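According to our numbering, the sequence shown is numbered sequentially starting from 91. Idealized CB from N, CA, C, for every residue including glycine. Note that this is a predicted model, so its numbers are computed, not measured.
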Amino acid sequence: ENQRTVEAKTRLESGNWKEVGRLMNESHSSMRDDYEVSCEEIDILTTLAQNFEGVYGSRLTGGGFGGCTVTLVEKNRVELLIEYLKREYKASTGKDCDCFETLPRAGARLLDV
């Protein structure tokens, strides 16, 4: 996972979204299969997203064992993806899912105050 994170940083900086997505998908597979920290609901969400046109990649985020996913998707496909995930997740699980759009920002760092 560490090497994948370093590679993702390089790909993000160069704007290589296809490779970032590949790394995200590989990371999710590793968390699911190697570390066993995913769950059925998260796997459903990532699989739905990963198979949606315009999605580069999707993975579990946070501490594992449920919670949240992060998906890298073409900007013009965001609303369609959200509608699709809500509809298909409900059809698969009988449960609602909350979806929201975020934008990347600088990570944790020291601030001069």
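Taking the CB atoms as reference points, tell me whether Ser120 and Thr136 lie closer together than 8 Å.
The sequence position of residue 120 within the sequence shown is 30, counting from 1. The sequence position of residue 136 within the sequence shown is 46, counting from 1. For Ser120 and Thr136, no; Cβs fall outside 8 Å.
Do you know whose CA, among Asn166, Tyr174, Asn141 and Gly156, lies nearest Asp115's CA?
Translated into the one-based positions of the sequence shown, residue 115 becomes position 25. The displayed chain sequence assigns Asn, not Asp, to residue 115. Answer by Cα proximity: Asn141.
Identify which residue in Glu103, Glu97 and Thr95 has its Cα closest to the Cα of Glu195.
Within the sequence shown, residue 195 is the residue found at index 105, counting from 1. According to the sequence as given, residue 195 is Arg; it is not Glu. That would be Glu103, whose Cα lies nearest to the Cα of Arg195.
Whole-angstrom C-beta distance between Leu171 and Gly144, which should lie under 8 Å:
Residue 144 sits at position 54 when you count from the first residue of the sequence shown. Residue 171 sits at position 81 when you count from the first residue of the sequence shown. Taking 8 Å as the upper bound for CB-CB distance, Gly144 and Leu171 are in contact here, some 7 Å apart.
Per DSSP, the bridge partner or partners of Arg149
Counting from one through the sequence shown, the residue named residue 149 turns up at place 59. Answer by DSSP bridge pairing, in chain order: Val160.
Would a C-beta distance cut-off of 8 Å place Leu162 and Trp107 closer than the cut-off?
Taking the sequence shown and counting its residues from 1, one reaches residue 162 at position 72. Taking the sequence shown and counting its residues from 1, one reaches residue 107 at position 17. Yes, they are a contact pair.
Measuring straight from C-alpha to C-alpha, what distance separates Leu200 and Cys189?
Within the sequence shown, residue 200 is the residue found at index 110, counting from 1. Within the sequence shown, residue 189 is the residue found at index 99, counting from 1. Going by the C-alpha atoms only, they are around 30 Å apart.
Using the Cβ count rule (16 or more neighbours within 10 Å means buried), how would you classify Val203?
Counted from its first residue, the sequence shown places residue 203 at position 113. Answer is exposed; the Cβ neighbour count stays below 16.
If Ser117 and Glu91 are in contact, beta carbons under 8 Å, what's the gap, nearest whole angstrom?
Within the sequence shown, numbered from 1, the residue matching residue 117 stands at position 27. Within the sequence shown, numbered from 1, the residue matching residue 91 stands at position 1. With 8 Å as the limit, Ser117 and Glu91 qualify as a contact, their Cβ atoms being about 7 Å apart.
Would you kindly check if the distance between the Cβ of Leu175 and the Cβ of Cys187 is under 8 Å?
On the sequence shown, residue 187 is found 97 positions in, with the first residue counted as 1. On the sequence shown, residue 175 is found 85 positions in, with the first residue counted as 1. Closer than 8 Å, so yes.
Among the candidates Ala98, Lys165 and Gly156, whose CA atom is the shortest distance from the CA of Leu193?
Here residue 193 refers to the residue found at position 103 of the sequence shown. Taking only the C-alpha atoms, the option nearest Leu193 is Lys165.
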